[in-house]
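Since the structure comes first, as structure tokens, the remarks are kept for the end.
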Amino acid sequence: MAAATGVLVPRLKDAGLAALVAAVLFLPILGMETVPGADGRLTLDFHFHIVVIGAAVVFAGRLAMLYLSRGRALRPSGRSGVVAEFVSRHGTWFGLAGLAFAIALPFLPFASRYTIDVATTIVIYVMLGWGLNIVVGLAGLLDLGYVAFYAVGAYSYALLAHWFGLGFWSCLPIAGLLAATAGVLLGFPVLRLRGDYLAIVTLGFGEIIRLVLINWHEVTGGPNGIADIPRPTFFGFPFTRSPAEGETPFHELFGLEFSTLHRVVFLYYLALALAMVTNLFVLRIRKLPIGRAWEALREDEIACKALGINPTNTKLTAFALGAMFGGFAGSFFATRQGFISPESFTFIESAIILAIVVLGGMGSQIGVVLAAAVIVLLPEVGREFETYRMLLFGAAMVLIMIWRPRGLLAHREPTLTLAGARGGGP
Amino acid sequence: MSRPILEVLHLTMRFGGLVAVDDLTFTAYADDVTAIIGPNGAGKTTVFNCLTGFYRPTAGQLTFHGHEGPVLLERLEGFRVPRHGLARTFQNIRLFGGMSVLENLVVAQHNRLMRASGYTLLGLFGAASYRRAEAEAVERAHFWLERTGLLERADRPAASLPYGEQRKLEIARALCAGPKLLCLDEPAAGLNPRETAELGELLLELRDRHGIAVLLIEHDMSLVMRIADHIVVLDYGRKIADGPPAEIKRDPAVIKAYLGETEEEELPPEVAADLAGSGGGG
Amino acid sequence: MAYFIQQLINGVALGMVYGLIAIGYSMVYGIIGMINFAHGEIYMIGAFVSIITFTLLGMLGLSWAPLALLLVLIVAIGVTSLYGWTVERIAYRPLRGSFRLAPLISAIGMSIFLQTYVQVAQGAKIKPLQPVVTGGFTFADASGFTVTISWIQILIVVLTLLLMVGFTWVIARTPLGRAQRACEQDLKMAALCGVDVDRTISLTFVIGAALAAVAGLMATLYYGVIDFFIGFLAGVKAFTAAVLGGIGSIPGAMLGGLVLGLAEAFWSGYFSIEYKDVAAFTILVLVLIFLPTGILGRPEVEKV
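Chains as they are written, first to last, in the working numbering: chain F, 11 to 436; chain C, 357 to 638; chain P, 20 to 323.
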């Protein structure tokens with residue numbers, strides 16, 4: 011008993027102090043809301059109860075933390091969790107099950123236009139996450155301007171379609187190529203920089219591209235963006251009720267009733283196919299020399315140089331390939347929306363994609379899927395989550411870095427094993 | 357004397373006002389274990405960094421007789437040095453800690469594998485030629501793992517190995533890069549006597565059986581005196597002696613550099629013992 | 020000529036604000052080698068605390084400007100410093116010794132969190148402030164152009180210079196400054212020599228946040244309007260200033276701030292306002308690529 015009170019008092023003091031700090035922090039920002047008054051001047055709405063509740067939550071949380079950690083500070087845990095290891099070991103099975111579910115989704119009983127739309131958005135974020143994972147997870151380069159390549163892809167398609175009348179399928183490779191080129195052009199001068207400077211420079215580039223899109227009215231349509239972007243066709247057969255002269259619409263081709271759902275489902279499968287291409291590519295390239303060199307660079311650049319690996323070129327390939335998949339995703343985005351504007355390519359979008367990679371586990375393919383699903387579904391669960399979403403992401407990014415810096419599902423399996431490579435044990 | 361493999365001529369390296377290496381000239385031979393010794397701060401690691409392209413020397417000429425004939429190392433970018441057949445390790449071990457032991461050794465064969473994978477294109481489609489090249493790379497890794505006694509550890513993350521094995525792994529990794537000259541920066545630091553003895557055996561085996569020349573920086577005098585064919589002594593960036601171990605041991609300049617000008621009682625007993633009584637040598 | 024001088028004056032005032040924020044980046048980078056990405060949001064919070072306190076004082080009927088300013092300054096510095104301290108304590112301290120990119124990612128998370136937090140609590144609309152300090156000096160030249168120096172601009176320059184003097188004294192003369200300089204050289208060694216490293220780092224964040232709070236207050240007075248998003252751009256510009264001046268160097272941060280403020284003023288004065296932010300980001304990119312050690316910084320030798 012004496013021992014219990016012996017720890018109780020200092021812990022209560024500690025928690026009380028934390029609550030006091032919280033109260034001071036919350037008092038002006040949460041407790042006094044500035045609102046426009048009658049004469050146009052600001053006045054304050056007081057919400058002192060929120061401050062009290064907030065402080066109480068902090069008090070309880072701090073006390074709970076002190077007891078749970080038994081006085082030890084929360085430190086990064088080096089080992090990966092049992093769950094992460096299990097998921098990673100059986101990654102193929104989880105992946106296949108997930109894929110089977112994704113393929114069957116449009117035919118499941120609960121599938122509606124809305125669910126398929128949401129699923130398409132998830133798949134796009136998964137693809138972006140996998141693309142960025144090449145750069146961040148494998149090569150260890152923090153890219154804060156990834157959305158720039160997404161924008162390059164989207165505008166490439168929109169502009170090529172607008173000015174030259176090209177279709178989606180011919181634009182897709184061009185858009186990827188242009189985004190990769192942008193990656194090389196941006197990457198070449200900056201990849202020599204140290205990691206954190208690189209991050210800030212990529213952020214700068216991302217913003218420059220967005221601001222140019224806003225200000226270059228003649229070409230990009232400025233803040234109004236580009237509308238009437240051609241929708242994709244089923245390899246030349248459009249999804250329209252009454253097609254132009256000489257064209258056969260999709261539903262006639264297959265002898266179906268016309269339904270607007272066809273296009274939605276097609277877009278979903280298109281996104282899924284693009285994402286699967288990305289996934290296969292990443293899984294494959296991880297086991298090639300270039301993929302191992304990326305990971306080696308992430309671990310120790312100096313050692314890489316001493317082994318004859320050209321760091322700049324190796325990073326550049328990671329940057330360019332990551333950008334390419336961003337470009338593919340971008341042109342899909344453009345054809346799906348039919349309308350794009352610089353609004354869609356802000357820094358916060360880059361931050362969301364980065365959050366997906368970080369939360370999912372840098373280098374983990376399945377983790378990215380889970381993280382993307384959570385991030386897209388959260389605001390769908392209730393609109394009130396929309397604003398709180400970013401609040402949660404921000405907090406989650408901090409907590410993940412403290413608690414499990416390699417991501418929730420980060421357990422790395424070697425790309426080759428001695429037993430596996432030599433067919434039987436040594 | 358045999359063929360030279362590395363000829364260092366008038367190497368000078370300045371950092372601002374500090375002269376780390378001052379007009380250093382020496383030659384390492386292809387069938388030799390060459391050791392660079394000297395007190396802390398004598399500029400030994402700086403010499404290594406100049407050789408391997410991490411620093412651009414202020415002056416001097418570094419001729420290396422590599423796989424493709426003689427090259428001037430000071431003109432190469434750092435990452436181009438290894439392909440001529442010069443590999444190195446680091447004083448503070450630099451492994452790819454998150455990757456497995458085997459992966460570390462395969463990464464060391466990067467350039468060969470890159471070519472075999474058709475710069476990734478062929479590899480993506482699983483070309484047979486690439487699969488063969490990868491199998492060869494694994495064989496080479498297997499060979500050096502066996503030589504260094506790390507075979508059991510092949511699939512473990514490199515960072516999980518104990519210190520002594522990490523040192524060995526770094527050497528194995530450098531060997532997988534296919535060097536003619538292996539540069540080791542204090543390979544025995546932190547090893548216990550048994551591990552140090554094994555290291556000595558390995559280096560002699562490299563010289564005698566695999567035709568790999570060794571250039572090493574080392575503070576463990578008994579090891580140096582036992583295995584080195586040729587010793588270069590640096591002090592304050594200058595060469596103060598150069599010759600076979602027996603000669604070095606008697607060199608008054610070396611003794612002075614290590615023991616200081618004054619009374620011999622002040623020196624650490626181990627150093628004195630190492631210098632004086634390290635037995636047979638070479 | 021008058022136009023030129025006007026831009027010069029505007030640029031100097033702006034540069035002082037950027038410089039004050041830049042010091043926070045520079046000090047933190049100097050000591051623990053991380054980019055405190057959330058520092059721009061600390062500045063934003065400083066601005067919000069200022070505007071809230073002004074409004075509160077107005078509602079309480081306090082209308083004598085000098086006293087109101089003083090009170091707001093004290094409250095803003097106090098609360099914002101506490102934010103700086105808390106951010107370090109929660110998001111950065113547990114990460115010491117973690118992998119390379121962890122602190123930066125955590126800082127980005129913190130930045131997103133703080134921005135959304137203020138947006139949720141205070142709303143996304145812009146917040147106008149009734150002018151507190153008005154008037155100034157106006158000069159006219161022969162051709163009829165006028166040059167105005169407002170009281171606010173004078174206040175900004177004087178307050179910044181005072182802070183700089185005080186701050187330089189702290190770094191050069193006090194035990195805290197000594198501990199800070201020791202930590203900058205070698206964190207581990209400083210700890211071994213008995214410097215309380217945790218406390219020193221905490222105080223560094225507190226000082227940085229206090230200066231950012233002053234910058235936030237002055238920006239609120241200067242522009243008369245703020246919103247939850249101002250921290251992002253100001254943060255990027257101040258970081259550019261810190262790198263430009265030589266990150267880790269405090270006079271460098273001020274110098275970089277001035278250069279950036281002048282560049283922005285002249286750019287918007289002579290070229291186009293539209294591309295003003297493009298210019299800022301372009302300077303950021305160019306500086307990082309071509310002048311990563313900055314004007315007053317020391318070159319870094321790669322340790323192998």
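Even for Gly, the Cβ is constructed at its ideal location relative to N, Cα and C.
In chain order, K315, G318, I319, N320, P321 make up the part of chain F whose C-beta sits under 7 Å from the C-beta of C/F435. Exclusion of the five residues before and after F/A74 leaves no residue of its chain whose Cβ lies closer than 7 Å to its Cβ.
Residue state for C/E561 is assigned as helix, using DSSP reduced to three classes. Taking 7 Å as the cut-off between beta carbons, the residues of the stretch 459–484 of chain C near chain F are E459, V462, V463, A464, H466, N467, L469, M470, S473, T476, G479, L480, in sequence order.
With at least 16 other beta carbons inside 10 angstroms of its own, F/T243 counts as buried. The beta-carbon distance between P/V152 and P/L174, rounded to whole angstroms, is 6 Å. This is short enough to meet the 8 Å contact definition. In chain order, G186, A189, A190 place their CB closer than 6 Å to the CB of F/M334, counting only its own chain and leaving out the 5 sequence neighbours on each side. For C/E363, the secondary structure class from DSSP, reduced to helix, strand or coil, is strand. Listed in chain order, the non-local C-beta contacts of C/V610 below 7 Å within the same chain comprise V589, I596, A597, I604, local neighbours out to five positions each way being set aside. Within chain F, the residues whose beta carbon sits less than 9 Å from that of C/T408 are K315, A316, listed in sequence order. Here F/L18 is exposed. Its C-beta has fewer than 16 other C-beta atoms within 10 Å.
Of all alpha-carbon atoms in C/A484, C/P413, C/L538, C/F382, the one lying nearest the alpha-carbon of C/L432 is that of C/P413. Using a CB distance below 7 Å, the part of the stretch 286–307 of chain P facing chain F consists of E293, Y294, D296, V297, F300, T301, L303, V304, L307, ordered along the chain. Runs of the alpha helix (DSSP H) spanning 4 or more residues and lying entirely within the stretch 167–247 of chain P occur at 170–192, 194–204, 206–211, 216–242, in chain order. The Cβ atoms of C/A613 and C/D585 lie no closer than 7 Å to each other. Taking C-beta separations shorter than 8 Å and ignoring five residues to either side along the sequence, the partners of P/F300 in its chain run V255, following chain order.
Counted as a single uninterrupted DSSP element, the stretch harbouring C/I392 is not any alpha helix (DSSP H) but the beta strand (DSSP E) occupying residues 389–393.
The shortest C-alpha to C-alpha distance from F/R294 to any of C/L480, C/G434, C/I361 is the one to C/L480.
Inclusion of P/V91 and P/T72 in the CB contact set at 7 Å is warranted, their separation being smaller than that value. Not a single CB atom of chain C sits nearer than 7 Å to the CB of F/T250. With the rule of 3 Cβ pairs closer than 8 Å, the stretch 368–380 of chain F does not count as touching the stretch 195–212 of chain F.
Here the alpha carbons of P/F309 and C/G372 stand approximately 21 Å from one another. Between the alpha carbons of P/A238 and P/L81 lies a distance of about 21 Å.
DSSP lists no bridge partner for C/L480.
Counting only Cβ-Cβ distances below 8 Å, P/S125 has contacts in chain F at M407, V408, M411, I412, in chain order. By the beta-carbon neighbour count (other beta carbons within 10 angstroms, threshold 16), P/Q172 is buried. Judged by their CB atoms, F/A168 and F/A281 are not nearer to each other than the 7 Å cut-off.
Judged by DSSP in its simplified three-state form, C/T552 adopts helix. Contact fails between the stretch 28–41 of chain P and the stretch 98–117 of chain P, because fewer than three Cβ pairs, one in each stretch, are under 8 Å apart. Of all residues in the stretch 12–43 of chain F, only V31, V34, L35, P38, I39, L40, M42, E43 place a beta-carbon less than 7 Å from a beta-carbon of chain P. Counting along the chain, C/Y385 sits inside no alpha helix (DSSP H); it lies in the beta strand (DSSP E) bounded by residues 374–385. According to the DSSP assignment, P/G155 belongs to the beta strand (DSSP E) that extends over 155–159. In this structure, the CA atom of F/I132 is about 6 Å from the CA atom of F/A383. Our two residues, F/Y279 and F/G108, have alpha carbons roughly 14 Å apart in a direct line.
The beta-carbon of P/A140 is placed less than 7 Å from the nearest beta-carbon of chain F. For the stretch 342–371 of chain F, the set of residues with a beta-carbon nearer than 7 Å to any beta-carbon of chain C is empty.
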